[in-house]
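Chains as they are written, first to last, in the numbering used here: chain A, 1 to 361; chain B, 362 to 722. To keep things clear, I will list the structure first and then write my remarks on it.
Number of protein chains: 2
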Amino acid sequence: MQTVHVHTTSHDYPIHIGAGILCDFSLFAPYIGKKIAIVTNETVAPLYLNQLTDLFKKNNIQYFTIILPDGEQYKNHDSLNQIYDALLTHHADRKTTLIALGGGVIGDMVGFAAATYQRGVPFIQIPTTLLSQVDSSVGGKTAINHPLGKNMIGAFYQPKLVMTDLNTLQTLPEKEFSAGMAEVIKYGLLGDLDFFVWIEQNIHEIMHQQPEKLTKIIAHCCQMKANIVAQDETEQGIRAHLNLGHTFGHAIETEMGYGNWLHGEAVAAGTVLACALSEQLGCLKNGDTARVAALFRAANLPDKPPKFPFNQWIAHMRHDKKVENGIMRFITLQKLGCAQISEISDMKLLDFLRNHNFSRF
Amino acid sequence: MQTVHVHTTSHDYPIHIGAGILCDFSLFAPYIGKKIAIVTNETVAPLYLNQLTDLFKKNNIQYFTIILPDGEQYKNHDSLNQIYDALLTHHADRKTTLIALGGGVIGDMVGFAAATYQRGVPFIQIPTTLLSQVDSSVGGKTAINHPLGKNMIGAFYQPKLVMTDLNTLQTLPEKEFSAGMAEVIKYGLLGDLDFFVWIEQNIHEIMHQQPEKLTKIIAHCCQMKANIVAQDETEQGIRAHLNLGHTFGHAIETEMGYGNWLHGEAVAAGTVLACALSEQLGCLKNGDTARVAALFRAANLPDKPPKFPFNQWIAHMRHDKKVENGIMRFITLQKLGCAQISEISDMKLLDFLRNHNFSRF
Chain A
1 MQTVHVHTTS
11 HDYPIHIGAG
21 ILCDFSLFAP
31 YIGKKIAIVT
41 NETVAPLYLN
51 QLTDLFKKNN
61 IQYFTIILPD
71 GEQYKNHDSL
81 NQIYDALLTH
91 HADRKTTLIA
101 LGGGVIGDMV
111 GFAAATYQRG
121 VPFIQIPTTL
131 LSQVDSSVGG
141 KTAINHPLGK
151 NMIGAFYQPK
161 LVMTDLNTLQ
171 TLPEKEFSAG
181 MAEVIKYGLL
191 GDLDFFVWIE
201 QNIHEIMHQQ
211 PEKLTKIIAH
221 CCQMKANIVA
231 QDETEQGIRA
241 HLNLGHTFGH
251 AIETEMGYGN
261 WLHGEAVAAG
271 TVLACALSEQ
281 LGCLKNGDTA
291 RVAALFRAAN
301 LPDKPPKFPF
311 NQWIAHMRHD
321 KKVENGIMRF
331 ITLQKLGCAQ
341 ISEISDMKLL
351 DFLRNHNFSR
361 F
Chain B
362 MQTVHVHTTS
372 HDYPIHIGAG
382 ILCDFSLFAP
392 YIGKKIAIVT
402 NETVAPLYLN
412 QLTDLFKKNN
422 IQYFTIILPD
432 GEQYKNHDSL
442 NQIYDALLTH
452 HADRKTTLIA
462 LGGGVIGDMV
472 GFAAATYQRG
482 VPFIQIPTTL
492 LSQVDSSVGG
502 KTAINHPLGK
512 NMIGAFYQPK
522 LVMTDLNTLQ
532 TLPEKEFSAG
542 MAEVIKYGLL
552 GDLDFFVWIE
562 QNIHEIMHQQ
572 PEKLTKIIAH
582 CCQMKANIVA
592 QDETEQGIRA
602 HLNLGHTFGH
612 AIETEMGYGN
622 WLHGEAVAAG
632 TVLACALSEQ
642 LGCLKNGDTA
652 RVAALFRAAN
662 LPDKPPKFPF
672 NQWIAHMRHD
682 KKVENGIMRF
692 ITLQKLGCAQ
702 ISEISDMKLL
712 DFLRNHNFSR
722 F
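Laid out in structure tokens, this is it:
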């Protein structure tokens, strides 16, 4: 087991990473009170809920469970209210601990419920997807969707503990494991060339879920994100680098309809576009983009975007939250392993998208 | 004009207190961006909204308004969602400033909307009732009600600025002014005997809204609350003293049906009960309770609770959030001007309520 310690302005918390750690009550013990609410979804419940409830039963911890439907389309006020209702019905008080057992959707929603129930209760995350293990464990971003926008309602709220059990990845669909790898590769690109090279060299073992390799990539990404977030907890500056590939990625997700391309797949294609844009800006060397695209392919990820009209690209990207005062800002690469913010005019972007015909990569 | 500076863990902010300050754009200027959303209710809008929008128009500040129905029964998710919808429809971004123009209900709801819209946007309070001026301006408590409990969904979130214009009190119903005075008197009792004595000596001028006296009481209460909250921002310890009279008060409100007794009226009667309990504990001197009751009467407030059965008292107080692990905790007085936490058994409480027959005061 490896542990990453995350420092935040409100408190510090550990991320424990290892195979089978969900059975180790001593890791939970310092962070739970007398009563626990476990929130999970219909997909994860049959796989891991019993394991957890058995653990609490054996240790005489009072608990109750809340099982929500699975999917991004349920990351809304109705599901949030199901959590509130259950908490109130079970007389949960300010010391009741909420546990989020599931992927990013469960983590985001339960985190927001914990942030807002009685103005804040303790919260433990058990992320069960690679994406949530590397991305949602650090940063304190919680949210639900609103009919008029994704993640529009939320709060910055930190967990007391994150338990990342590698065994939960064994039941994760391969497509989703790959989607998580898009974010892992992104971390190398935006801030650590050595890590990027290490992923290139070990991609085969990683894709076969070799436990030591998995522990290393998850711990490394969490540590990198923790360092970035520590400098910028409420996302005013450098934290924007984490959005590498996400502006193009969001446009792809919007155009294709959410759920048709996984977030990680869109981020992979979006990151290749961001690399190509960086090459055009004269930052990346010729061939760097092709090298990045090759690694995404090795992780069974798309290395180019679907084709759709220029004006759709512009329209979708304009809706991105990062647009401020009409200026379009992109995260690009100064060189492999080093991100920057670039301001790009509509005309330049149009040229870029046209020149590449979406098919160069 | 007087200014109280409030220090919080996230940032510091000023509370400006004075007559007519709502017309002074220079006080707003440092705290607003290019776009403002003003949220108010149907009662306050016809009185003060134009004054504010004229000010912003004259200074070329882009704004839009959201007018909600008036009343505690609208402090719910539907109203909150009206705010979210308007913000999204008007493309409010993370730099849009929310202004709460109204009493405690508007302040609590708009504060919660600001805490959660895009994970937090800037927020200015313009409290228009005495209660919200002395009580909601400090502490960062925001919330909405849930069908299963009052203030169950909320967050701790601080404003950037509080503008307390005494002129807004001129349109406040007398009954509500008195209700605000219950909290003012409470501050003297729980932490400052000199202030309590000063209120006794000046109660006539205060009730006639003499501006200098009003400025003093509002500034003094805000400063006292700021000192208490600074020691205990998330309500783990000493901040509980602010709940003097509130456990009995909540029981009265619940029994009578919310809205039949104003919160401040219930707190006045509840505070007299807390004093009598303190006398029985041997803390207050004989006659202290009568002295407190006399001041509440001078402020046109009830000095005794309505009569209702013992078991109802117990049942209502058990539902109070301050009950932890079945122990009933009350804020009592060590002496006038000094609060403490007392743990009281059900039997002792029953004796107390029976002995006083609710009519001794």
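Just so you know, even glycine gets a beta-carbon here, dropped at the ideal spot from N, CA and C.
Tell whether a beta-carbon distance below 7 Å holds between residue i and residue j.
| i | j | result |
| --- | --- | --- |
| alanine 45(A) | isoleucine 67(A) | yes |
| isoleucine 36(A) | threonine 65(A) | no |
| lysine 213(A) | valine 138(A) | no |
| leucine 130(A) | glycine 180(A) | yes |
| histidine 602(B) | isoleucine 692(B) | yes |
| glycine 337(A) | aspartate 135(A) | no |
| proline 520(B) | tyrosine 374(B) | yes |
| asparagine 41(A) | glycine 102(A) | yes |
| aspartate 70(A) | threonine 43(A) | yes |
| alanine 612(B) | tryptophan 674(B) | yes |
| phenylalanine 195(A) | glycine 188(A) | yes |
| alanine 114(A) | leucine 98(A) | yes |
| threonine 529(B) | isoleucine 378(B) | no |
| serine 278(A) | leucine 349(A) | no |
| threonine 503(B) | glycine 472(B) | yes |
| glutamine 423(B) | lysine 395(B) | yes |
| methionine 470(B) | leucine 441(B) | yes |
| arginine 480(B) | phenylalanine 310(A) | no |
| leucine 190(A) | alanine 293(A) | no |
Less than 6 Å between C-beta atoms, sequence neighbours within five positions excluded: which residues of the same chain meet that for residue i?
| i | result |
| --- | --- |
| glutamine 133(A) | Pro127, Thr164, Ile218 |
| asparagine 506(B) | Lys436, Asn437 |
| phenylalanine 296(A) | Ala268, Asp303 |
| histidine 451(B) | Phe425 |
| arginine 318(A) | none |
| isoleucine 726(B) | This structure gives no information on residue 726(B), because the portion of chain B shown stretches from 362 to 722. |
With residue i and residue j assumed to form a contact (beta carbons below 8 Å), what rounded beta-carbon distance in angstroms separates them?
| i | j | result |
| --- | --- | --- |
| glycine 245(A) | glycine 270(A) | 4 Å |
| alanine 266(A) | glutamate 253(A) | 5 Å |
| glycine 264(A) | alanine 182(A) | 4 Å |
| proline 534(B) | alanine 380(B) | Not really, about 19 Å apart at Cβ, beyond 8 Å. |
| isoleucine 32(A) | tyrosine 478(B) | Rounded, the Cβ-Cβ distance is 31 Å, inconsistent with contact. |
| valine 633(B) | threonine 608(B) | Going by Cβ atoms, the distance from valine 633(B) to threonine 608(B) rounds to 13 Å, so no, they are not a contact pair. |
| leucine 645(B) | lysine 696(B) | 7 Å |
Mind pulling the chain B residues with CB within less than 8 Å of residue i?
| i | result |
| --- | --- |
| methionine 152(A) | Tyr445, Leu449, Tyr478, Gln479 |
| lysine 141(A) | Arg480 |
| isoleucine 149(A) | In the sequence as displayed, the identity of residue 149(A) is glycine instead of isoleucine. What glycine 149(A) touches in chain B: Leu449. |
Give the range of the alpha helix (DSSP H) segment to which residue i is assigned.
| i | result |
| --- | --- |
| glutamate 200(A) | 193 to 207 |
| leucine 273(A) | 263 to 280 |
| alanine 453(B) | Segment: none, alanine 453(B) is in no alpha helix (DSSP H) and carries neither H nor E. |
| isoleucine 382(B) | First-last for isoleucine 382(B): undefined, no H or E at that position. |
Just to confirm the assignment, what range does the beta strand (DSSP E) spanning residue i have?
| i | result |
| --- | --- |
| glutamate 704(B) | 699 to 705 |
| methionine 524(B) | 522 to 526 |
| tyrosine 31(A) | First-last for tyrosine 31(A): undefined, no H or E at that position. |
| threonine 426(B) | 423 to 429 |
| proline 127(A) | 123 to 127 |
| leucine 462(B) | 458 to 463 |
| valine 365(B) | 363 to 368 |
| histidine 16(A) | 12 to 18 |
| methionine 152(A) | 149 to 156 |
| isoleucine 331(A) | 329 to 335 |
Given residue i, which residues of its chain have a CB within under 7 Å of its CB, disregarding the five upstream and five downstream residues?
| i | result |
| --- | --- |
| isoleucine 376(B) | Thr364, Val365, Val367, Ser498, Val523, Thr525, Cys583 |
| threonine 532(B) | Leu408 |
| isoleucine 21(A) | Met1, Leu27, Met163, Asp165 |
| phenylalanine 25(A) | Leu55, Asn59 |
| valine 590(B) | Val499, Gly500, Arg600 |
List the residues of chain A whose Cβ lies closer than 9 Å to the Cβ of residue i, in chain order.
| i | result |
| --- | --- |
| leucine 662(B) | Correct list: empty, because the minimum Cβ distance to chain A is about 29 Å. |
Given that residue i touches chain B, what residues does it touch there, using C-beta distances under 7 Å?
| i | result |
| --- | --- |
| histidine 146(A) | Tyr445, Leu449 |
Under 8 Å Cβ-Cβ, which residues of chain A neighbour residue i?
| i | result |
| --- | --- |
| phenylalanine 517(B) | Arg119, Gly120 |
Who are the near neighbours of residue i in its chain, counting only those whose CB is closer than 8 Å to its CB and skipping five residues on each side?
| i | result |
| --- | --- |
| glutamine 82(A) | Ile66, Leu68 |
| isoleucine 564(B) | Leu656, Ala659, Ala660 |
| asparagine 50(A) | none |
| asparagine 286(A) | Glu279 |
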